[in-house]
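The structure appears below as structure tokens.
2 protein chains.
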Amino acid sequence: MDSEILAANEAFYDAFRREDAAAMDEIWARRAPVACVHPGWDALLGRGRVMASWLAIMENGAPPIRCVAPRVQRLGEVAFVICEEHVDGGRLIATNVFVHEDGRWRMVHHHAGQIFRGEPDTESLAGPHGPN
Amino acid sequence: MDSEILAANEAFYDAFRREDAAAMDEIWARRAPVACVHPGWDALLGRGRVMASWLAIMENGAPPIRCVAPRVQRLGEVAFVICEEHVDGGRLIATNVFVHEDGRWRMVHHHAGQIFRGEPDTESLAGPHGPN
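Chains as they are written, first to last, in my numbering: chain A, 1 to 132; chain B, 133 to 264.
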């Protein structure tokens, strides 16, 4: 159900805001392969490296992030949520991928990046591939 | 097999480089829900809007993009590929989600954004959530 996926997505942001390492660990998949792209960074692959990155960020103080307008795209036992992240006056866009594992939805991938412009239209998409 | 997923991922970049609208249309899923986050933009949801965005970009000239270091994360009938995109001297990181639909791997989501820094380490993750 989408409500369970949305709850898992919100639990991720809640754990981050509370800087709760145990809750963050619970959120990520145990068996499925895990990855993460923090805003502007190269990708991290593997549960150990991904969890270490969250611990490092949270130990140094998580910003007051809010998840806005989450939308679920369901693909059977996998789902991804697209949402905005509002933090420190800025807007980011995130893709959060979840897998149904051991009876609950667990995160396997988080990819977030800054939004520089609003929704593209035909005119503004002309030329460069994005806002480079 | 991962090789089939990697081939689908490369076919996406190939269609884009060749500005081949028919090939790009073939690449995206027909039945599964489709979404796309172009670099720096808000998300687009729905096949119609996503395809319109690719047509608009390709009609105005696609940049000579290269997919580098693709890595497959398999989740049963769903898989996502994380890869770098090298274009015009810049580096982007992309998450491409595929679903096995009608006997072939089809794209359901593309999320790309610029890389501003190298791989994070504990020191550089301190403080802000990313490179804001």
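Backbone N, C-alpha and C define an ideal beta-carbon position, used for all residues, glycine too.
Beta-carbon neighbours of proline 33 of chain A, restricted to chain B and to distances below 8 Å: Gln205, Arg206, Leu207
N-terminal and C-terminal residue of the alpha helix (DSSP H) that phenylalanine 148 of chain B is part of: 134-150
Three CB pairs or more closer than 8 Å across the stretch 217-227 of chain B and the stretch 54-71 of chain A: no
Reference arginine 104 of chain A, options A:Arg17, A:Pro63, A:Ala79, A:Asp42, closest by Cα: A:Ala79
Backbone secondary structure at glutamate 101 of chain A - three-state DSSP: strand
Aspartate 152 of chain B and methionine 183 of chain B closer than 8 Å at C-beta: no
Within-8 Å CB hit, leucine 138 of chain B to chain A: no
Contacts of valine 37 of chain A in chain B (Cβ-Cβ under 8 Å): Ile214, Ile225, Thr227, Gly245
8 Å Cβ cutoff met for isoleucine 137 of chain B and aspartate 42 of chain A: no
Where glycine 61 of chain A falls: helix, strand or coil (DSSP): coil
Of the listed residues A:Asp102, A:Gly48, A:Ile115, A:Phe98, nearest to histidine 109 of chain A (C-alpha basis): A:Phe98
Three-way DSSP call (helix, strand, coil) for arginine 203 of chain B in this model: strand
Interface partners of alanine 147 of chain B on chain A, CB under 9 Å: The contacting residues do not exist; alanine 147 of chain B stays about 14 Å from chain A at best.
Valine 108 of chain A - partner residues in DSSP beta bridges: For valine 108 of chain A, which the question treats as bridged, DSSP gives no partner whatsoever.
Reduced DSSP category for alanine 161 of chain B - H, G, I as helix; E, B as strand; rest coil: coil
Supposed contact pair glycine 113 of chain A and glycine 40 of chain A - C-beta distance, whole angstroms, cut 8 Å: 7 Å
Straight-line gap, threonine 122 of chain A to tryptophan 160 of chain B (C-alpha atoms, nearest Å): Only weak support exists for where threonine 122 of chain A lies, its pLDDT of 44 falling under 50; the value from the coordinates is given anyway. Between threonine 122 of chain A and tryptophan 160 of chain B, the C-alpha separation is close to 19 Å.
Alpha-carbon to alpha-carbon, alanine 143 of chain B and arginine 30 of chain A: 31 Å
Residue-level contact to chain A via CB, tryptophan 266 of chain B, 8 Å cutoff: Outside the shown range of chain B (133 to 264) lies residue 266 of chain B, about which nothing can therefore be said.
Assumed close pair isoleucine 214 of chain B, phenylalanine 148 of chain B - CB separation to whole angstroms, cut-off 8 Å: That belief does not hold up - the Cβ atoms of isoleucine 214 of chain B and phenylalanine 148 of chain B are roughly 17 Å apart, past 8 Å.
Exposure label - methionine 133 of chain B; buried when at least 16 CB within 10 Å: exposed
Residue from A:Arg106, A:Ala7, A:Met58 with nearest C-alpha to glutamate 77 of chain A: A:Arg106
Alanine 280 of chain B, buried or exposed, once every other Cβ within 10 Å from all chains shown has been counted against 16: Missing from the structure shown is residue 280 of chain B; chain B here goes from 133 to 264 and no further.
Pick from A:Leu44, A:Gly48, A:Pro33, A:Trp54 that is closest to glutamate 101 of chain A, judged by C-alpha positions: A:Pro33
Per-residue contacts from alanine 43 of chain A into chain B (C-beta, under 7 Å): Ile214, Ile225
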